[in-house]
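> Below is the structure I would like to discuss, written out as structure tokens.
Residue numbers (UniProt numbering): 1 to 155.
Dropping the structure here:
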């Protein structure tokens with residue numbers, strides 16, 4: 001997969017209707033050994049998912065079976081073509097940038113991606129409240145620690 005792409009997931013354990021699928025952005029970078037999704041429990045489906053996972057953790061029983069389709073979308077790959085890139089996210093629309101920011105820092109510091117022209121990336125994130133910022137701050141801290149070349153500047 002490429003950074004910024006998304007997947008559809010479904011599960012008979014917490015679906016209200018046959019073949020009910022929900023879309024989620026991939027949060028991990030392509031180089032990561034683990035696939036991560038950020039899922040907030042906001043509706044019946046995600047609350048049921050949360051409850052089933054907590055139940056499995058508490059009882060030691062198997063986790064619910066989850067089907068995943070994708071990845072979909074083009075991702076955020078254009079940043080590699082320019083010396084300076086400006087990435088803008090708003091509210092929950094910032095989720096794909098978890099993958100993109102980690103990817104760009106890893107690609108430019110590893111020396112593996114010699115075709116990257118980018119020398120500076122400005123990441124602007126507009127949030128309606130400070131509470132929206134809290135869940136993403138750990139991602140930004142991790143990316144800043146990985147950013148040896150000081151490529152990324154967040155606002």
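All C-beta atoms in this analysis are idealised placements derived from N, C-alpha and C, irrespective of residue type, glycine included.
In terms of residues, what are the limits of the beta strand (DSSP E) holding residue 153?
Its beta strand (DSSP E) spans residues 152-154.
> Return the chain-ordered list of same chain residues with a C-beta closer than 7 Å to the C-beta of residue 127, the five sequence neighbours on each side being excluded.
Excluding residues within five positions, the ones whose Cβ falls inside 7 Å are 91 and 133.
> Going by DSSP, what residues sit across from residue 67 in a beta bridge?
Answer is 10.
> Which class does residue 47 belong to by DSSP, given the choice of helix, strand or coil?
Three-state result, residue 47: helix.
> By DSSP, does residue 73 sit in helix, in strand, or in coil?
In the structure shown, residue 73 sits in coil (DSSP, three-state: anything other than H, G, I, E or B).
> Which residues bound the alpha helix (DSSP H) around residue 146?
Residues 137-146.
> In its own chain, which residues sit with a C-beta less than 6 Å from the C-beta of residue 125, not counting the 5 before and 5 after it?
So the list reads 89 and 94, once near-sequence residues are dropped.
> What residues in its chain sit with their C-beta under 6 Å from that of residue 86, if we drop five residues either side in the sequence?
Same-chain partners within the cutoff: 122.
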